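Notes for the one structure printed next.
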Amino acid sequence: MTREPSVRLFDLEDASDTVASALPVLDALARSRSLPIGWIHAEARDGGVATERLRQQAVLAYPARVVRSAIRDSLAGAWAAPQAPVSVVICTRDRPDRLARCLRAVTSLDYPVYEVLVVDNAPRDDATKKLAAGFGVRYVVEPVPGLDHARNRGIAESVHDLIAFTDDDTRPDPLWLRHIARAFTVPDVMAVTGLVVPLCLETEAERLFEFSYGGMVQALDRRTARGRDLSGWDLLWSSAYGAGANMAFRRQVLESVGGFDPRLDVGTPAGGGGDLDMFHRVLANGHTLVYEPAAIVQHEHRTDMRALRRQLFDNGRGFCVYLMTCARNRTVPPRLILDFALRAWLRGWVLRRLFRPSGFPRRLVVAELLGTLSAPYYYLASRRSRGRTSARSG
Amino acid sequence: MPTAIVQLELSDPPSTLRVGESYDRAFVVGRLSGRPVAHAVLSVVDGIVDRESVFDHVAAWLASRSSHHPPGSGTRESAAPRDPPSATVAVCSRDRPDDLRRCLVALARVRGDGCEVIVVDNDAVSPGATAAVAGEFAAVRCVRETRPGLSAARNRAIAESSGDVVCFTDDDAVPEPGWLDALRAPFDDPMVWCVTGLTLPLELETEAQELFERHTSHGRGYEARRFRGAETNPLAIGQVGAGVNMAIRRTAFEQIGAFDPALGAGSPARAGEDYDLFTRILAAGFHIAYEPAAVVWHRHRRDPRDLKSAFYAYSVGVYAYLTRTLLVEREPAAIRYGAKWLFQHQLPALWRALLGDPGALPLSFRTAELRALAVAPALYLAGRIRRRSDR
Amino acid sequence: MIGRPRISVIVPTHGRPSSVLRTLRALEGQLEPVAMEVIVVLDGPSEESERALRSLMTTFPLDVLVQEQAGAASARNRGADRARAAVLLFLDDDVEPLPGLLAAHLRAHESSPGAVVLGPYWPEIPVTRRLHPIMVREWWAATFTGMSKPGHRFGYRDLLAGNLSIPAEIFRARSGFDPAFPMAGGEDWELGIRLLRSGAAFVYTPDAAARHHESSTPAKSFRRARLEGAGDVRIGLRHPWLRGDLPFAWWRKAGRLKRFVRWVAFRAPAVGDLAVAVAPWPLHVLDVLRCRAMWHRLGHTVRHYCYWRGVAELLPGVDDLDAFLDPGARTDPAWREIELDLRAGLPEGRRRLDIERPDAVRLRYGSMDLGAMPPIPGLEPLAGRHLDAVLETLGVPLFALSLAMENASLSPALPPRLGEEAAIP
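Protein chains in written order, with numbering that gives the first Met the number 0: chain C, 0 to 393; chain Y, 0 to 390; chain F, 0 to 424.
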């Protein structure tokens, strides 16, 4: 049931003659060693596309980025490869098929020293455990349901000082850790996030999510966010800095700002926002976060419209629960959060697309709006359930 | 924590960019064959500027100049350079002998085939200090202007000048050696009456200086621009530049008059005299060229109290300039531009300050701006009346 | 008399004695002594002008010719017939040469033999805040600045006869201006077309500068627009292949207001002419109130009408217009297109353009098609110096191409240090 990836990462330096493609149109993200360049879409003939043609397309569509990547590669040639050991934490819950795809990629990364840790969140059976054993990776169980519980367990169990997180429905690029570790060579960088590229773009839901909604993380330019230089709105738009499918932290920052908030994210009534809350807290405490687009993780988007609608509902819900959590944590003044929620999120993001359609179906926007409006209920519910679980675990 | 100022030649990027240990950020200016191309503020750890970011920016800046033509390939022929017009450099100074000395030392290094340098001594507190500093430099002529105010001092400089163009800079600024050449080049075109240049911070040692740079940056970008009076509204001068780095054809003053003494530092209106002149040049249908290769490094105020008064002064100056434009130049668009500034810039900034945004300036700065709106028209008129009674 | 002059200055005039005298005085005041003769052609007899001119004592030989009024084209031709020098310099009677003008024209002919030399004549407009003079000044400045750019591709509309010198041989070989153009209106452009077709090069010389004493008003600009409309039709009549590129051929697809204006020009010219007659008043009011945008819109619309009115003078019906513009009724000249492979490098591309001088060029990079620059009727053939502009128009990312397609190292293109670093494994 796991699908083969159809979206390619096309290296400009690719020396082969053709790139195979099972589909009539090949969607590829062109990139060089150190920089993603841009999307290209080429018609395939006889099950493949000539690399020459892909290269031509990339150059004509993104000339400045091609030159930029060439210069950056030539500069990068002089650097020593980073060596710092990394712990990779993968939180999963009863999805051994997808996890297998993820582990295949993660266990063969182009990086000298790293450990892989699978955190099984409230599992129903031992399939995941067997799978982990088969790949020879570390396996721990987190019995309390909730992604952030699992992440915190991963932090506690991991051994290295750099901790990278990804989800079970992803496939990291072989150079993923290399770029993450390279960004961490600057001592004051506390968090690194990367680009999330879809695995497949075959269904309407996938294309809508990636190209109309804005995908998960799409920026192709490197960005350094220094917490104390950011305005309030910049701090609150933490979805612009990355996503949980592709993020890494220094252990010390996780310790100093406290771990992931267990009242948030998948598996709790909040349904999301744990990663955003963490980015926000890292930045609001004045730390530095680097978005490194060369660190690429491919992610399987929702394939059918119902699942996509559900996801957007969760996005709206999770984002607003995250905002309410910020207000509770007093990281920025609550009146600023209210201003942000009304003017930036509701008006600038949700309602603007509702009233000025941009090719994105209205009913999906409505789902996001409903998620937004239901957030207060879920926020209270997640606080109550937190009370219960802590009573149980205590 | 202070910010270091670093320059970087893109054609020869060092593998490590070092600054003093005390800095935690660096304001990095990239230059390609000497021409400024872009700048960025990057992190510094242990005196080393973040290499990843340096290389990223070097690549981006170079690529932005070279995806079509390789840099330095000389494919863009430019019209043969012609003899630049003769220039007079005017520096108006008031009770800042130390700054003035630094400025004059820099001016002595400016390439300019022996052009004339005039210092206008506008001292109020300690008469004689400016003249004493100017006296240390053989090539500098010092004239005393007793009427207070930057406009009066500049008008005096114009009256004393002999060059075809008068180049202005301030005593707290440091021009580069190539400043004069770059600033004079666009005067080739007879339509150009005024040239402005790029102003960058000389130092960002105190928080006040960092805030000043971030919130009221003089920088007008790195692309040469042309403002044509026949095509733009003469009030659209927000991107033109500022009096700290500009040159004006001397004949222009004969045609459209000199600086308005009721505007500018030292008058009740405190600022705005440069904007007023830009507007009059554009209203007469001539061009203002913005030339980023003409670089002046400006030392912002170090003291936070000065910063607040600078914000207030700037605000008063803008509204006073708009008052003048409305009443004297009879431009009804002044009302529109004033409203635009108030509603699109000042009120949103005030709102952010009220919300407690960590990136916003303190509330008191913003309320001072509003106070400026209330008093500026009256202050401008007061300045005019005072001038009339002076005469 | 010092033998044959090197340059014959021809000044056609029409009843403006003080203006011509100013031009002659300025010729007298040239800095470098140049063997010249001056021929003033009075287009339409004028006692006053003739007396003033004949009584003038000049250091150069001065001929005064008189003809019945027949337009500037015929006056210039008449002057050219009389000229003895190898270079003809045409100056309008309201153009006052600056002291270096003659020498600069001659220098340009020495460095580019056989070329048509254009000099700027900057309008003498007193500094004002009235919009019309400002726009006139800007128009002239933009024209001359545009021509001064090294990559400028000259077209027939750059041939302005106010300050223009041509080798006499070439002028006569093309049999001069077309006297069918009665008033000032398109005769210079028409000559420009024939000169360009015959392969003459245009050269702009900023040093050959003059002052232009023209006092334009909105009303005059409306009259001028009308002459221009008629002149463009005459150009199209003489050169049918150019019809599709005349301005009115493009404007036919304009928006609603412009279409209405055209309709008025053809169907209700009486109404339109009345509007033109009163238009200066509202324009003045808008100017005083500084309503710039409305001033521009109104002035532009009225000028647009006047232009169409000029077109309608010669093509009275819309049917005539359609027949005139019918592409089936004309044959285009054979345009020469070449294909340029940029892989050979820019210098090579420039060299080939300079040798072949094609009207159109198709760009390739190896096997890759980068688009084509179509022929533009009325422009000079492409030369090497136009290549950069062509690349820019077509958006060809040459450096990126050579990097990615050739695996070219950065070293020759980028500054040295970067190249070296690229070599480090």
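For every residue, glycine included, the Cβ atom is placed at its ideal position computed from N, Cα and C. These figures come from a predicted structure and were not determined experimentally.
Listed in chain order, the positions of the region 51-63 of chain Y with a beta carbon within less than 9 Å of a beta carbon of chain F are Val57, Leu61 and Ala62.
Inside the region 259-346 of chain F, DSSP marks whole beta strand (DSSP E) runs of 3 or more residues at positions 336-340, from first to last along the chain.
Proximity of Leu354 (chain Y) to chain C, defined by a Cβ-Cβ separation below 7 Å, is satisfied. Taking the Cα positions, Arg308 (chain F) is about 13 Å away from Phe259 (chain F).
In the three-state scheme derived from DSSP, where H, G and I count as helix and E and B as strand, Asn232 (chain Y) is classed as coil. When DSSP states are grouped into helix, strand and coil, Gln6 (chain Y) belongs to the strand group. Distance from the CA atom of Thr145 (chain Y) to the CA atom of Ser125 (chain Y), rounded to whole angstroms, is 12 Å. Contact between the region 309-329 of chain F and the region 162-169 of chain F is absent: fewer than 3 CB-CB pairs across the two stretches fall below 8 Å. Counting along the chain, the unbroken alpha helix (DSSP H) around His108 (chain F) starts and ends at Leu100 to Ser110. Spatial neighbours of Asp160 (chain C) in its own chain (CB-CB distance under 8 Å, excluding positions within 5 residues in sequence) are listed in chain order as Ala83, Pro84, Arg249, Arg250 and Gln251.
Note on Arg183 (chain Y): 16 or more other CB atoms within 10 angstroms of its CB, so buried under the neighbour-count rule.
DSSP places His13 (chain F) outside both helix and strand once states are collapsed to three, so it counts as coil.
With respect to chain Y, the C-beta atom of Val117 (chain C) has no partner C-beta closer than 7 Å.
The three-state reading of DSSP puts Ser45 (chain F) in coil, since its state is none of H, G, I, E or B. Leaving aside the five residues that flank Ala156 (chain Y) on each side, the residues in its chain whose CB is nearer than 6 Å to its CB run, in chain order, Ala89, Ile117 and Val119. Assignment of Leu108 (chain C) by DSSP, reduced to helix, strand and coil, places it in the coil class. The C-alpha of Val395 (chain F) lies about 15 Å from the C-alpha of Ala343 (chain F).
Restricting attention to alpha helix (DSSP H) runs no shorter than 4 residues, the region 163-198 of chain Y encloses them at 178-183, ordered along the chain. Rounded to the nearest angstrom, the Cβ distance from Gln345 (chain Y) to Leu369 (chain Y) is 7 Å, consistent with a contact under 8 Å. In its chain, beyond the 5 residues on either side, Ala359, Leu360, Pro361, Leu362 and Arg365 have a beta carbon closer than 7 Å to the beta carbon of Ala352 (chain Y). Going by DSSP, Cys90 (chain C) is part of no alpha helix (DSSP H) but of the beta strand (DSSP E) stretching over Val85 to Thr91. Under the three-state reduction of DSSP, Tyr22 (chain Y) is assigned to coil, being neither helix nor strand. The C-beta separation of Ile39 (chain C) from Leu22 (chain C) comes to about 14 Å, leaving the pair out of contact by the 8 Å criterion. Contacts between Ile179 (chain C) and chain Y, judged by CB atoms closer than 8 Å, are missing: the closest CB pair is about 12 Å apart. Collapsing the DSSP output to three states places Pro178 (chain F) in coil. In summary, the residues of the region 381-406 of chain F whose CB is separated from some CB of chain C by less than 7 Å are Pro396, Phe398, Ala399, Leu400, Leu402, Ala403 and Met404, in the order they occur in the chain. By the neighbour-count definition (other C-beta atoms within 10 Å, threshold 16), Phe354 (chain C) is an exposed residue. In this model, Ala51 (chain F) and Gly382 (chain Y) are separated by some 56 Å (Cα to Cα). Asp276 (chain C) places its beta carbon less than 7 Å from that of Thr324 (chain C). Interface with chain Y (7 Å Cβ-Cβ cutoff): Glu137 (chain F) is included.
Under a criterion of Cβ atoms nearer than 7 Å, the residues of chain C adjacent to Met367 (chain F) are, in order, Gln55.
Partner residues in the beta bridge of Phe89 (chain F), as assigned by DSSP, are F:Ile9 and F:Leu163. Taking a C-beta distance under 7 Å as the contact criterion, Trp60 (chain Y) and Leu106 (chain Y) do not qualify as a contact pair. Put simply, of F:Met404, F:Glu405 and F:Gly370 the residue whose alpha carbon is nearest the alpha carbon of Thr392 (chain F) is F:Gly370. Counting every other CB atom within 10 Å of its CB across the protein chains shown gives Ser110 (chain F) a total below 16, marking it as exposed. For Tyr313 (chain Y), the enclosing alpha helix (DSSP H) has its first and last residue at Pro303 to Leu326.
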